[in-house]
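*Asks:* One structure, pasted below without further comment.
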Amino acid sequence: MPNFDLKKITATKGKQLFYQLTIDDNPDYSDAETEEEKNERKTGVLDEYEAGLEKRYQKDLKMIYAYMDRVSNNLAVSGQKYHELDRPSGDRVKDFEFKHGDLRVYGFKHDSGKIITVGGYKNSQKADIQRLRSLKQQYLDSLK
2 MPNFDLKKIT ATKGKQLFYQ LTIDDNPDYS DAETEEEKNE RKTGVLDEYE
52 AGLEKRYQKD LKMIYAYMDR VSNNLAVSGQ KYHELDRPSG DRVKDFEFKH
102 GDLRVYGFKH DSGKIITVGG YKNSQKADIQ RLRSLKQQYL DSLK
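Its first residue numbered 2, the sequence shown is counted upward by one per residue in my numbering.
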């Protein structure tokens, strides 16, 4: 089973907290003095997604961060830009999707906040949602 951790997303500054999942990340904390420094040394799924994006998608990702910030401040966001996904029967944990242009960012709601688990593209939605649900289940199982 992968080793999971959470990295706080500092681009959102609201009441609701956003995190990104880190998977098998092993940062060097040796000279980190604060929790903020430790957080910045982690590499999460959204960091990896952003690093792999072509330059033409940077504006779309900035818009997704803006939607995340609005949600974190309990402000309205169009259902076309942020919405809960339909869940399989028996799944009690809510999944959600942010989208802008061809980019998609998926996550789930948890007691600690909203956790981003997958970034993807419009043409890979089905596989990305399957990955979201798999990672969500693995993460929740790791907490038991």
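Glycine is no exception: its CB is placed at the ideal position from the N, C-alpha and C atoms.
Model, not experiment: these values are computed from the prediction.
#1: Are K9 and T23 closer than 8 angstroms when you measure CB to CB?
#2: Would you identify the three-state DSSP class for E98, choosing helix, strand or coil?
#3: Taking the alpha helix (DSSP H) that I65 belongs to, which residues open and close that run?
#4: Under 8 angstroms by Cβ, that's how I've got N74 and K127 pegged, so tell me the actual separation to the nearest angstrom.
#5: Please report the distance separating the alpha-carbon of R105 from that of D32.
#6: Comparing C-alpha positions only, which one of E36, L47 and D112 sits nearest to L133?
#7: Does I24 come out as helix, strand or coil in the three-state DSSP assignment?
*Replies:* Put simply:
#1: no
#2: strand
#3: From DSSP, the alpha helix (DSSP H) with I65 extends over Q59 to S73.
#4: So it is not a contact: roughly 31 angstroms between Cβ atoms.
#5: 35 angstroms
#6: L47
#7: strand
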